[in-house]
Each structure stands twice: as structure tokens, then as C-alpha cells.
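Going by full-length UniProt numbering, the first residue of the sequence shown is number 1, and it counts up by one from there.
Working notes, beginning with the structure itself.
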Amino acid sequence: MNRALSILATTISRLMANEPASASLHSPAPVTDRASNEKDLNTLSNYEAIKSQHLRLHWNVDFERNVLEGWAEHTMVVLEPGAPASRAIFDTSSGLSVHKVEVNGLEASFHKGVSHPVFGTPVKVSLTTVGLLSKGDEVVVRLYYVTAPTASACQWLPPAQTAGQKFPYLFTQSQAIHARSIFPCQDTPAVKMTYSARVRVPHWATALMSALRLEDKEFMEGDGHRMYVWDQPVPIPSYLVALAVGELDSRDISPRCRVWAEPSVVEAARFEFGQTEEFLQHAEALTFEYAWKRYDLLCLPPSFPYGGMENPCLTFATPTLLAGDRSLADVVAHEIAHSWTGNLVTNTTWEHFYLNEGWTMWLQRKIMARIHGDPLFFYLDAEWLGWPHLEESIAAFKDHPGLTALVPDLKDVDPDDAFSSVPYEKGFTLLLRLERIVGTPAFEKFAKHYIRLYKYKTVTSAQFKSTLLEHFEQDPRLVCLPWDEIFYAPGLPLKPAYDTARLSSPSLALADAWYKNKGGLEAEAHKEFMAWSTLQKQIFLESLLKRTEAEGPIPVPVLEAMDREYRLTSSKNAEIRFRWTMLCLRAGAKFIVANALDFVTSQGRMKFTRPLYKELYKSKMASAVALETFKKNAMFYHPICRKMVATDLGLCLAPDGSLEEGPTSRVKGGAWAGDLGARQKGKRTWLRVLRLPREAVIVLGLGVTAMLVVGAVTVVRHKRK
Ligand code: BES
Ligand code: ZN
């Protein structure tokens with residue numbers, strides 16, 4: 001039924017957009033073609049006909065209105081002559097509003113296409129004023145626009161939400177498809193462009209971007225504003241354009257590495273990330289020379305939704321890494337690794353995301369093994385943190401097994417909904433399997449070859465596979481692998497044998513002793529725990545979590561005894577605190593609730609925040625307070641985190657960021673069909689209509705028609721802005 005509805009709705013939207021319907025009516029590519037699928041289904045742009053090569057941004061950062069205002073200018077090259085390139089279609093979203101367009105310096109006509117609830121509103125610019133275009137021709141398209149205060153990439157923090165409490169702060173997070181909320185673009189990793197930017201900010205502010213800062217071109221304006229200028233000479237996809245503006249200070253940690261943070265945090269950040277240069281050198285030894293000249297790090301306010309984000313020249317990092325002992329800095333090794341796998345060699349579409357993240361996990365773990373001077377560290381993290389995380393993700397997607405395939409089908413799927421540890425850990429498992437077939441030295445050599453071959457380019461699964469087979473001269477052990485199963489089978493892969501007992505057995509033995517003896521242990525055993533590394537403590541807690549699953553929760557008095565011995569509730573290490581809190585919530589321990597609420601309201605990193613809210617919500621003791629806490633603190637979170645937690649808690653998030661009771665109108669795993677979102681929830685199918693008031697009326701009518709045609713719709717929800 002969903003499929004029928006989807007075809008109907010897509011046809012309707014095509015008709016409304018005055019486009020031929022035939023393109024939308026063919027069946028989806030057969031599953032076995034997805035490995036070679038280069039078509040990005042998550043963009044509405046016509047990037048296959050005409051493609052951006054260089055982007056110029058001029059922004060005024062307005063902290064009064066919480067908007068970016070200015071223009072984006074794309075220098076584009078024609079790939080397909082004739083009708084396809086008679087216009088350039090750009091992605092926009094979140095209420096970004098274009099008010100003027102110029103093509104080659106002359107004002108040009110443009111109009112908005114039909115909005116898609118996840119992929120936004122295409123802006124279609126006519127190129128007919130420049131005459132018939134041939135393949136290879138260049139056109140310069142400049143779009144004047146203003147973003148909405150609710151732009152999904154931006155978090156505008158009021159002073160109260162900063163460490164300094166004096167000035168506001170802005171940061172962006174564009175991966176995967178949020179760049180379109182801050183500038184009109186071909187928002188697909190398939191398009192790589194160089195960029196330059198001029199950004200005007202209040203005099204007190206420092207602005208940072210994912211590019212090289214041209215200090216000699218910066219200046220102060222008479223009216224108390226400062227102009228910052230950047231250049232990114234290496235071609236990058238739109239999702240790597242990033243901006244942060246706030247009261248910032250910095251410390252150099254090597255000639256090419258600098259740490260940035262709010263003044264009161266900068267010293268802690270300097271210490272925590274002090275090994276960055278060392279990480280970089282190990283990464284270079286595993287690959288080749290670092291291409292981006294600078295590797296700076298910005299430690300963000302606590303609502304930053306990820307652990308780290310590999311924005312080129314300037315990694316963004318969560319302050320939850322500031323454990324005080326450098327024990328969580330492997331996230332930095334991860335972001336450094338992206339400088340090769342992800343930023344130089346980029347997945348062509350989000351369906352091949354594991355080529356970014358799986359390879360990056362592999363490189364990260366290689367770097368960390370070298371940092372520890374012990375090859376076992378390559379496996380330890382994979383076995384005890386990676387594998388359980390993969391199991392959890394696969395269990396969480398039990399209703400959407402398609403999203404647990406290494407190469408999932410993302411047609412009409414929001415990449416934020418598809419995000420999980422599958423591309424990371426299933427991807428890593430594949431690389432480990434290949435490494436074990438050909439041997440470590442040969443595989444490390446292949447990694448260098450592969451990265452060199454695809455640098456500055458994008459890559460699909462089919463290209464990865466053929467490059468591998470070619471490099472190993474069609475080695476039958478590789479040729480004979482069940483490639484279709486590897487790419488498309490949902491669920492867990494075969495668990496690799498990890499022989500990590502030398503490092504993991506003390507943690508497992510202690511966990512076992514707690515289970516068996518309910519805490520009646522020798523003082524010596526406890527002393528040992530306190531001396532352990534963070535990773536060993538995490539393995540201990542992971543092992544308890546796993547056993548809780550199989551053998552039932554640990555009795556609360558035992559948890560209380562454990563807390564007295566190891567002071568876990570007051571741990572300053574976010575990874576330890578997270579696992580401990582989850583363990584206690586699963587055991588129904590009331591004593592942890594206040595601490596858990598403090599945890600979710602003092603940081604907004606999704607890795608912690610989403611499972612904690614889910615667990616609180618699921619528990620009998622804290623369900624209501626979880627909802628109440630989220631509603632009260634919703635604006636503390638970055639829009640992406642807010643959207644995801646709202647979905648997790650069954651709340652409806654309106655476009656202006658406000659929350660309503662009732663199921664979210666976003667589709668989870670269901671099909672977004674053109675402008676109508678249809679999902680099946682039990683027997684109910686929800687239809688959602690366009691944002692534009694005029695079109696909304698039309699689509700509602702068509703929605704009702706759709707209902708009659710398919711005859712199985714029981715509820716129609718209509719939302720008008
Ligand atoms: N690029 C990702 C973060 C990301 C992924 C943002 C998808 C938006 C969409 C980043 O490199 C990452 O993987 N961060 C991890 C680090 C960890 C695996 C060491 C994180 O945030 O926890
Ligand atoms: Zn990553």
C-alpha cells in the first residue's frame with residue numbers, strides 16, 4: 001500500500017512541479033545494483049547535469065535575529081548539455097529564503113519547486129539568459145538569501161548557554177544533509193568544490209571555518225564589526241562547510257595544530273588534546289602526507305551533538321571528551337583519520353557511508369594501537385566497545401532491517417534516521433575480514449593505494465570492490481567472497497575472533513566476581529579497579545551491561561555497594577558515567593535518576609543523550625520526568641538532537657522547534673512520498689502536507705484523493721503553517 005501511495009504522491013508532486021512523471025514511475029534499482037549506485041537520492045539538485053566547482057560565501061552573522069544573511073556564489077560547469085542544464089537546481093531547507101539570483105552577473109529568474117518534508121525546497125534558477133550551454137561551459141550563479149532562525153544546521157546559543165555567559169555563540173553541523181539550511185547548494189557528497197568565505201561578525205567575536213584563515217585579509221569595520229576571510233583550496237563536499245562564532249581563545253600545540261575554545265575551557269582543551277600532533281604523525285605514516293595544511297581543533301559548548309566532526313582544517317569536538325586524563329582523545333584520532341578517509345576520499349552518496357566511517361574506524365584503531373605501542377589495542381576497542389554498539393544498533397533497527405545493511409537503500413529516508421553504528425562497525429568488520437585474508441602488511445599497503453587513488457574524488461562500494469580485486473590481482477580468496485551478502489544482507493555479520501584476553505580478562509573477571517559474590521570481594525580487587533585505564537573500566541561496565549541483558553538486572557544494593565567502592569556516579573569521565581548510568585537505570589535504581597537527568601541536561605551529545613532519554617522514558621520510575629525534562633530543556637539541544645530525541649520519545653516537533661504531544665509527524669523508517677509523507681503504523685497511515693499554505697490546500701485535496709484511490713487510509717493529518 002505504501003508503495004502505491006508513494007508512486008501516486010510522487011506523480012502528483014511531479015505534475016505540480018511541471019515535470020515529466022515517467023522518471024518517478026520506474027521501479028527502484030534492483031538491490032544488487034546499489035553497490036554501483038552513484039545517484040544521490042537525498043538531494044533535489046540536478047548535480048548530474050551541472051555541477052558546482054567553487055563556492056564563494058558572503059555572510060553577515062546576525063546575533064539579533066539569529067540568521068545568516070548574504071550570498072552564495074557557485075561557479076558551475078555543465079556536464080550534460082541541452083535541457084538538463086537549462087536550469088540549475090539548488091537544495092535549500094529549514095525556511096532558507098532566496099530573494100535574488102544573478103547568473104553571470106545579470107539578474108535571473110528563479111522559483112521554488114515543491115518541498116519535500118525531509119529534503120527541503122529546491123530552488124530552480126533559469127540559465128536561459130546565458131544562451132545554449134555546451135558541455136564544459138562555466139556559469140556563475142549567485143543566490144542572495146537569508147537563513148531562518150530555525151535553520152537545522154545552526155545552533156544559536158544565548159549567553160546563558162555558554163561557559164563565559166557574556167556573549168552568544170553560533171555553531172553549525174552540516175553532515176549529512178543540513179548544509180542546505182545555511183546556503184543554497186548541491187547538497188550531495190557527490191559534488192566536491194573548493195570554497196572561499198568572508199564573514200562579518202560583531203567585534204567581540206572570533207569566527208572560525210573549515211578552511212585556511214587568511215589573516216592578512218581580515219579587517220575591522222568602522223561600525224564595530226570584524227571581517228574574517230578564508231580559503232579552502234582542496235575540493236570538499238557541502239557537508240564539510242562549517243562555521244563557529246563566539247568568544248574564543250586558542251593555544252598552539254604544534255606548528256600546524258591549534259586548540260580553540262571559550263577562554264575558561266581553553267587550558268583544559270589544550271591538555272586533553274595535547275597528543276594531536278602525535279596522532280597526525282601516526283596517521284601520516286599509515287597513509288601519506290597530510291593534505292590540509294592546518295589541523296586545528298575547536299572544543300564546542302556541551303550541546304554539540306556529536307563526539308567529533310571532521311570539518312577540514314578545524315575538527316569540532318564535544319567538551320564531554322575533557323576527562324582530564326586524555327583517555328577519550330581517541331575521538332580526535334578518529335577525526336584526524338577522516339582527513340584521508342571521508343575528506344580526501346569521500347562516499348559518493350550516504351548509501352556508501354561505511355566507506356567514510358568504516359575506513360575511519362580502521363585507521364583510528366591503527367593509530368591508537370601505535371600510540372599505545374601494542375597491536376592488541378587495535379582489537380580491544382573493536383571487540384568491547386565497537387561490537388556491543390553494533391549489536392545494539394541492529395537490535396534498535398529490528399523494525400527496519402534494511403537500515404542494518406552495509407549499503408542501505410536511502411530512497412526517501414532521512415540520513416539522520418538511518419544513522420547508527422552499522423556503517424562504523426559493520427564497515428570495520430569487513431575491512432578486518434579483508435585484512436585477515438591478505439595479511440596486515442599487504443592490506444596496509446592496499447589502504448595507502450586506495451586512498452591515493454581516490455583522493456579528491458568520491459567512491460562507491462562497487463569501485464571499492466573492483467579496486468581491491470584489481471590490486472590483489474583477482475585473488476580467488478577475495479573474488480569468492482559473498483559480496484552481495486556483504487553489501488546487502490541485514491543484521492550482524494559474523495563476529496570476528498578477537499584474541500584480547502591479555503588485556504580484557506581482568507575486567508571480565510571482576511565483573512564476574514561482582515555477579516557471583518554480589519560485591520563481597522577482597523579489598524585488593526577494588527584497588528586494582530581504581531588503577532585501571534578508562535578502557536578497562538569501560539570493558540568492566542560493558543560486561544555487566546551484557547550480563548544484565550542475559551541474566552537480569554543487578555540488584556540495587558549491589559549497585560550501591562559498587563558505587564561506594566568505585567565512586568562511579570560522580571565519575572567525571574563521560575563514557576564511564578554513561579555506561580554506569582545505563583546499568584543503574586536498567587536495574588531500576590532510583591538513586592541514579594537525579595544524576596541521569598543532570599547528565600542529559602548538561603550536555604547534548606546524541607551518543608549519550610538519546611539512549612539516556614530512551615532508557616529514562618522506558619523505566620517505570622522516570623518516564624514522566626523524562627518527558628517533562630526534555631520539553632523544558634528542548635532549546636538547550638542542537639536542532640538535530642532535538643529532532644531525534646523528540647522522535648525517540650514519541651513527540652511531535654513543529655518546524656519552529658516547539659513540541660506537541662502525539663506522535664511526531666516525521667516518518668521513521670516509513671516512506672516519505674513526494675510531498676506527502678506516508679507511514680504505516682499498525683494499520684494507520686499518516687499523510688502530511690506541504691508547508692506552503694497555498695500548496696497545502698491543494699495537496700490536502702490530493703491527499704484525500706489518494707486516500708480514496710488506495711482505500712486503506714484511516715487517518716489524515718493536515719498541518720498548515
Ligand atoms: N562524521 C562523524 C559525525 C557525524 C556522522 C555527523 C554522521 C553527522 C552525521 C564523526 O566523524 C564521528 O564519527 N564521530 C564519532 C566519533 C567516534 C566514532 C570516535 C562520534 O561523534 O561519536
Ligand atoms: Zn567519523
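Beta carbons: idealized from backbone N, C-alpha and C, even for Gly.
The structure presented is a predicted model; accordingly, all values stated were derived computationally and were not measured.
Whole angstroms are fine: how far does the CA of residue j sit from the CA of residue i?
i	j	result
Arg198	Asn66	18 angstroms
Arg34	Ala405	11 angstroms
Lys465	Gln173	31 angstroms
Pro388	Pro496	13 angstroms
Glu425	Ala418	14 angstroms
Pro553	Asp399	25 angstroms
Thr147	Met209	18 angstroms
Leu143	Arg251	37 angstroms
Lys620	Ala395	22 angstroms
Tyr169	Thr548	42 angstroms
Leu651	Ala624	13 angstroms
Ala151	Lys112	18 angstroms
Leu328	Lys607	14 angstroms
Asp330	Leu380	13 angstroms
Leu616	Asp414	26 angstroms
Asp231	Arg213	7 angstroms
Arg56	Gly70	11 angstroms
Val125	His99	12 angstroms
Ser254	Glu267	15 angstroms
Asp91	Asp40	13 angstroms
Glu102	Val140	8 angstroms
Arg200	Lys643	30 angstroms
Val345	Phe316	20 angstroms
Val265	Leu535	25 angstroms
Skipping 5 residues on each side, what residues in its chain have a beta carbon closer than 6 angstroms to that of residue i?
i	result
Phe219	Met227
Glu542	Trp384, Pro388
Thr320	Ala574, Gln603, Arg605
Ligand 1 and residue i: does the residue's C-beta get closer than 7 angstroms to at least one heavy atom of that ligand?
i	result
Asp330	yes
Lys426	no
Tyr306	yes
Gln175	yes
Glu310	yes
Lys607	yes
Phe419	yes
I'd like the list of long-range same chain contacts for residue i, defined as Cβ closer than 8 angstroms, with 5 residues on each side in sequence excluded.
i	result
Arg256	Glu277, Leu280, Tyr290, Lys293, Arg294, Tyr295
Phe487	Arg34, Ala35, Ala405, Leu406, Val407, Ser461
His471	Phe446, His449, Tyr450
Leu612	Phe578, Thr581, Met582, Leu585, Ala596, Phe599, Val600
Leu478	Leu434, Ile437, Val438, Leu468, Leu469, Phe472
On the three-state DSSP scale, how would you describe residue i?
i	result
Met309	strand
Asn356	helix
Asn46	coil
Trp204	coil
Phe529	helix
Glu267	helix
Cys514	Reading the sequence as shown, one finds Trp at residue 514 and not Cys. Helix.
Met220	strand
His99	strand
Lys366	helix
Glu522	coil
Gln232	strand
Met582	helix
Gly552	coil
Leu127	coil
Tyr144	strand
His449	helix
Once you ignore the five residues that flank residue i on each side, which residues in its own chain have a CB closer than 7 angstroms to its CB?
i	result
Ala269	Val259, Ala261, Cys299, Leu322
Lys51	Met76, Val77, Leu79, Gln186, Val191
Trp204	Phe167, Glu247
Glu357	Pro423, Tyr424, Gly427
Gly341	A quick correction: the sequence has Thr, not Gly, at residue 341. Counting only Cβ-Cβ distances below 7 angstroms, and skipping sequence neighbours, we find Asn356, Trp359, Thr360, Leu363, Ile451.
Leu503	Leu376, Leu380
Nearest chain B C-beta to residue i closer than 8 angstroms, yes or no?
i	result
Phe273	Of the protein chains in this structure there is only one, and it is not chain B.
Quick check on the contact list: which residues have their beta carbon closer than 6 angstroms to a heavy atom of ligand 2?
Result (chain order): His334, His338, Glu357, Thr360.
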